[in-house]
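Only one structure is covered here, and it is reproduced in the block below.
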Amino acid sequence: MSGKDTDKKVADRYLKREVLGEGTYGVVYKAIDTKGNLHLVFEFMETDLEAVIRDRNIFLSPADIKSYFQMTLKGLAYCHRKWVLHRDMKPNNLLIASNGQLKLADFGLARIFGSPGRKFTHQVFARWYRAPELLFGTKQYGAGVDVWAAACIFAELLLRRPFLQGTSDIDQLGKIFQAIGTPTPSQWPDLVYLPDYVEYQSVPAQPWRKLFSNG
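Under my numbering, the first residue of the sequence shown carries the number 294, and numbering increases by one thereafter.
As structure tokens, this is what we get:
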């Protein structure tokens, strides 16, 4: 079947969802004939970033890493300009086409943000990509939680393994602080007021060269 035939078949059965418009993320389609059910179909992508990171037969040059991270940030920036939080950023939700283009996918946890005082659940993201404020139970947050997850993905690209692999929320926070240091009151004045706040021993940040010596 030709590309045009495929496009026509898709157009006959599905409505293209364009809430965001054109951006670096997977195109989503909603079935027209649902018979009361919702069906979503995603464009086909060859692989995902997790598979690339795990495959040691794939050499990732500094230019490759920079390119993947840049595409990730561009996709996020576009979503954030449209006031959309992804809330599930992780390598296997970053799909890669045969031409190397990376797209954000799996918007199942995505929400519109920006309304003053709006509260969300803090139980979002896989733990290894969850920002400290979420681990401390905050229900008011913005684009920073997506950016934190993107930074964890960048570290994973450098190391070829997950950066901070906590076994619980408490352990995850401990690993974060062991790596980048325990925040001081001047750095994070409102930390003690977060719902699930617990005090951690003060430790300094590790040198970047030590953290990424194997990267």
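Yeah, the Cβ is synthetic: ideal placement off N, Cα and C, and Gly gets one too.
- A direct Cα-Cα distance of roughly 14 Å separates D483 from K432.
- The straight-line gap separating the alpha-carbon atoms of I351 and V345 is approximately 7 Å.
- Of all alpha-carbon atoms in G407, A424, R374, Q471, the one lying nearest the alpha-carbon of K383 is that of A424.
- Look at the segment 467-507 and you find these whole runs of alpha helix (DSSP H), each 4 residues long or longer: 501-504.
- When the five nearest sequence neighbours on each side are left out, the beta carbons in the same chain lying within less than 8 Å of the beta carbon of T414 are those of K432, in order along the chain.
- In this structure, DSSP gives L353 a state outside helix and strand, which the three-state scheme calls coil.
- A check of alpha carbon separations from F362 across S506, C445, S495, I473 identifies C445 as the nearest.
- Rounded to whole angstroms, the separation of the alpha carbons of S354 and S506 is 16 Å.
- In its chain, beyond the 5 residues on either side, H415, L487, P488, D489 have a beta carbon closer than 7 Å to the beta carbon of G430.
- Taking the C-beta atoms as reference points, G459 is found nearer than 9 Å to K468.
- Just so you know, the alpha carbons of N392 and K375 end up roughly 26 Å apart.
- Shortest Cα-Cα distance from G407 to any of L395, H373, Q394, V440 involves H373.
- When the five nearest sequence neighbours on each side are left out, the beta carbons in the same chain lying within less than 6 Å of the beta carbon of E343 are those of P384, N385, in order along the chain.
- Distances from the alpha-carbon of V377 to those of E492, Q494, V438 put V438 closest.
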